[in-house]
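Colleague: I'd like to ask you about the structure that follows.
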Amino acid sequence: MRFFYWFSTVLVTACSLIVDAVADNGHVDASVRVELTNNKIAAEDDNSKLEGVYISKDSYEKMVYFSKICALTYCISTGRLEMDKTFFDGGCPADLDFCSNEELNPSIRRTRVELILEADEQELGTGYVAVDHEREVVMLAFRGSSTRQDWFSDFEIYPTQYKPISTKEYKKLVERGEISACHNCMIHKGFYRFIETLSKDFLQRVERIFKRYPDYNLVVTGHSLGAALASICGIELKLRGYNPLILTYATPKIFNEEMKQWVNDLFDTKAIHDECVETGEVNMLHGYFRVIHLQDYIPMVPPGYKAAGLEIFITKPELPHEIHDLEYRAVGSGATWKKVPMNKDSKYALMSGIGHWLHMDEHRKYFILINSCSGF
């Protein structure tokens, strides 16, 4: 069993490392070659498109907008995101159209970077808080794997017991019967390290910003590792009385079955789904939504874990991704594995072989190249 977990983790991390390696220059050394077996792994989703339910234009625009908010987290390590400035006045890189072109992003003069969060060496949780006064939304975004600690946490896939840091709030909600107790709830150990960051003054600093704008909507977002952290942070904020929209991209599976059910209950997932079916449209006002590129492998692993929330799939491999390239798949467990034939004599360069095998393009392509501080 331990070997099975270890092997799956190597697969996840190898995918992430390759994605990271091509983020800056788009290629890797073609002189490195591998020989694959006569099978490859392909993605097959558990659940099919829900007929009669469509993505609203507003929800599509939100997904595109917040993919760019996610991408800005990758500007933090190079010091290209600055606090106490609007996007237009240097809060984010001027060479990005998203930060400088008012036709593309009309709110750049009214979107301000309020807080940059940089985790300590042994912690997780690099991201930022920005307030878009045009859209009246407070945004908390987390970065994907970039540091040694990030990669180490990706490897720690053993389950550990979930204990909320918002203990007082959690107990009161359970005592009042507003939520059920989270019995036998287990979570991915590596991602759960984020609790150590949250338990300091992290949430208090973020909440101080939220409280200045009580009538604004709250969105927590992230890509890959950042999506897992956004999910954990969103749970804590929900326990503290907020009603956030959790909108994630390429979220790995992080819960056991019991915690998956508890998280879905916490975010009223069934009620939101029923409303989508009744109205025929997906409207992202609140709740927990996961955006998945159809052949991205990261949302399929680690094995043994489950995914909570409502799923929206991107069905088109290449950019751009338009509204007709999206499908609502309701409540599901992401995707599973199947084997398909491959020429046993095939040899590929790393980019076209292992990279193709792991579908790294699909992991990067979420409306934009989401793991790079460039090109949007």
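In mature numbering (1 follows the signal peptide of the UniProt record, and there is no 0), the protein residues as written are -23 to -1, 1 to 353. Glycine is no exception: its CB is placed at the ideal position from the N, C-alpha and C atoms. As the structure is a computational prediction, the values presented were derived from the model and not from experiment.
By Cβ distance, which residues of its chain are closer than 8 Å to H110, with the 5 residues on each side in sequence left out?
Modeller: The residue you call residue 110 lines up with position 133 of the sequence shown. Around H110: S84, R87, T88, R89.
Colleague: According to DSSP, is V317 part of a helix, a strand, or is it coil?
Modeller: Here residue 317 is taken as the residue at index 340 of the sequence shown, counted from 1. Confidence is the limiting factor: at V317 the pLDDT is only 36, short of 50, which leaves the residue's position unreliable and the question unanswerable from this model.
Colleague: At which residue ranges does the segment 180 to 204 contain complete beta strand (DSSP E) runs of 3 or more residues, listed in the order of the chain?
Modeller: 194 to 200
Colleague: Quick one: what's P136 bridged to in DSSP?
Modeller: To locate residue 136, count along the sequence shown from 1; it is residue 159. In DSSP, P136 forms a bridge with H165.
Colleague: P141 and L216: beta carbons closer than 7 Å?
Modeller: One-based indexing of the sequence shown puts residue 141 at position 164. One-based indexing of the sequence shown puts residue 216 at position 239. Closer than 7 Å, so yes.
Colleague: Report the partner residues of R267 according to the DSSP bridge assignment.
Modeller: Walking along the sequence shown from the start, residue 267 turns up at place 290. Looking at the DSSP assignment, R267 forms a beta bridge with T225, E288.
Colleague: How do the segment 226 to 233 and the segment 273 to 289 stand: do at least 3 beta-carbon pairs fall below 8 Å, yes or no?
Modeller: yes
Colleague: What do you reckon, are the CB atoms on K45 and F75 nearer than 7 Å?
Modeller: Taking the sequence shown and counting its residues from 1, one reaches residue 45 at position 68. Taking the sequence shown and counting its residues from 1, one reaches residue 75 at position 98. Yes, Cβ-Cβ distance for K45 and F75 is below 7 Å.
Colleague: Where R153 and F244 are concerned, what is the direct C-alpha to C-alpha distance, given to the nearest angstrom?
Modeller: To locate residue 153, count along the sequence shown from 1; it is residue 176. To locate residue 244, count along the sequence shown from 1; it is residue 267. When rounded, the distance between both Cα atoms is 17 Å.
Colleague: If you draw a straight line from the C-alpha of Y31 to the C-alpha of A307, how long is it?
Modeller: Translated into positions along the sequence shown, residue 31 becomes position 54. Translated into positions along the sequence shown, residue 307 becomes position 330. The straight-line gap from Cα to Cα measures roughly 11 Å.
Colleague: For A7 and P279, what's the separation of their Cα atoms in angstroms?
Modeller: On the sequence shown, position 30 is the one that residue 7 refers to. On the sequence shown, position 302 is the one that residue 279 refers to. Because A7 carries a pLDDT of 36, less than 50, the predicted location of this residue cannot be relied on, and no value is offered for it.
Colleague: Label S143 either buried or exposed according to how many other C-beta atoms from any shown protein chain fall within 10 Å of its C-beta, with 16 as the threshold for buried.
Modeller: Within the sequence shown, residue 143 is the residue found at index 166, counting from 1. Classification of S143: buried, given that the 10 Å Cβ count is 16 or more.
Colleague: Between the beta-carbon of G121 and the beta-carbon of N260, is there less than 7 Å?
Modeller: In the sequence shown, counting from the first residue as 1, residue 121 sits at position 144. In the sequence shown, counting from the first residue as 1, residue 260 sits at position 283. In terms of Cβ geometry, G121 and N260 do not form a close pair [threshold 7 Å].
Colleague: Starting from the Cα of Y189, find the closest Cα among V115, I289, L101, Y37 and give me that residue.
Modeller: For the purposes of this step, residue 189 is taken as residue 212 along the sequence shown, with counting starting at 1. At residue 189 the sequence reads Arg, which differs from the Tyr that was named. Among V115, I289, L101, Y37, the Cα nearest to that of R189 is on V115.
Colleague: Buried or exposed for R185, going by 16 or more other Cβ atoms inside 10 Å?
Modeller: Residue numbering aside, residue 185 sits at position 208 when the sequence shown is read from its first letter. Counting other Cβ atoms within 10 Å of its Cβ, R185 stays below 16 and is therefore classed as exposed.
Colleague: Quick one, which of Y219, R182, A207 has its alpha-carbon nearest D192's?
Modeller: Numbered from 1 along the sequence shown, position 215 holds the residue referred to as residue 192. Minimum Cα distance to D192 is reached at Y219.
Colleague: Expressed to the nearest angstrom, what Euclidean distance is found between the alpha-carbon atoms of R341 and L73?
Modeller: Residue mapping note: residue 341 aligns to position 364 of the sequence shown, counting from 1. Residue mapping note: residue 73 aligns to position 96 of the sequence shown, counting from 1. Using only the alpha carbons, I get a separation of about 18 Å.
Colleague: Contact check, V240 vs A285 under 8 Å by CB: the rounded distance?
Modeller: The residue given as residue 240 occupies position 263 in the sequence shown. The residue given as residue 285 occupies position 308 in the sequence shown. At roughly 4 Å, the Cβ-Cβ gap stays under 8 Å, so V240 and A285 are in contact.
Colleague: Going by DSSP in three states, M236 sits in which element: helix, strand or coil?
Modeller: Here residue 236 refers to the residue found at position 259 of the sequence shown. DSSP places M236 in helix when its eight states are reduced to three.
Colleague: Ends of the alpha helix (DSSP H) at D251?
Modeller: Working through the sequence shown from its first residue, we reach residue 251 at position 274. Residues 246 to 256.
Colleague: Between the C-alpha atoms of D35 and L262, what's the straight-line distance to the nearest angstrom?
Modeller: For this step, residue 35 is matched to residue 58 along the sequence shown. For this step, residue 262 is matched to residue 285 along the sequence shown. Approximately 10 Å between the Cα atoms of the pair.
Colleague: Among E288, L271, F232, Y282, whose alpha-carbon lies nearest the alpha-carbon of I249?
Modeller: For the purposes of this step, residue 249 is taken as residue 272 along the sequence shown, with counting starting at 1. Among E288, L271, F232, Y282, the Cα nearest to that of I249 is on E288.
Colleague: Give every residue of the same chain whose Cβ lies closer than 6 Å to the Cβ of L296, excluding the five residues on either side of it in the sequence, and list them in chain order.
Modeller: Locating residue 296 in the sequence shown gives position 319, where the first residue counts as 1. Once the five neighbours on either side are set aside, the close Cβ partners of L296 are K342.
Colleague: Which class does D338 belong to by DSSP, given the choice of helix, strand or coil?
Modeller: Position 361 of the sequence shown, counted from the first residue, corresponds to residue 338. Helix at D338.
Colleague: Quick check on F344 - is its C-beta less than 7 Å from some C-beta in chain B?
Modeller: Looking for chain B here will not work: only one protein chain is present.
Colleague: Taking the continuous alpha helix (DSSP H) assigned at V41, which residues delimit it?
Modeller: By one-based count along the sequence shown, residue 41 stands at place 64. Note, V41: alpha helix (DSSP H), 34 to 48.
Colleague: Got a sec, what are the start and stop residues for the beta strand (DSSP E) V278 sits in?
Modeller: The count along the sequence shown starts at 1 and reaches residue 278 at position 301. V278 -> no beta strand (DSSP E), and no H or E assigned at all.
Colleague: My output table needs one value for K62: the three-state DSSP class, helix, strand or coil.
Modeller: The residue given as residue 62 occupies position 85 in the sequence shown. K62 falls in the strand class under three-state DSSP.
Colleague: Taking just the CA atoms, how far does F65 sit from N82?
Modeller: The residue labelled residue 82 in the question sits at position 105 within the sequence shown. The residue labelled residue 65 in the question sits at position 88 within the sequence shown. Roughly 10 Å separates the two Cα atoms.
Colleague: Please report the distance separating the alpha-carbon of G104 from that of R57.
Modeller: Counted from its first residue, the sequence shown places residue 104 at position 127. Counted from its first residue, the sequence shown places residue 57 at position 80. Distance between the alpha carbons of G104 and R57 is about 13 Å.
Colleague: Starting from the Cα of V41, find the closest Cα among G352, C350, F344, F353 and give me that residue.
Modeller: Here residue 41 refers to the residue found at position 64 when the sequence shown is read from its first residue. Ranking the options by Cα distance to V41, first place goes to F344.
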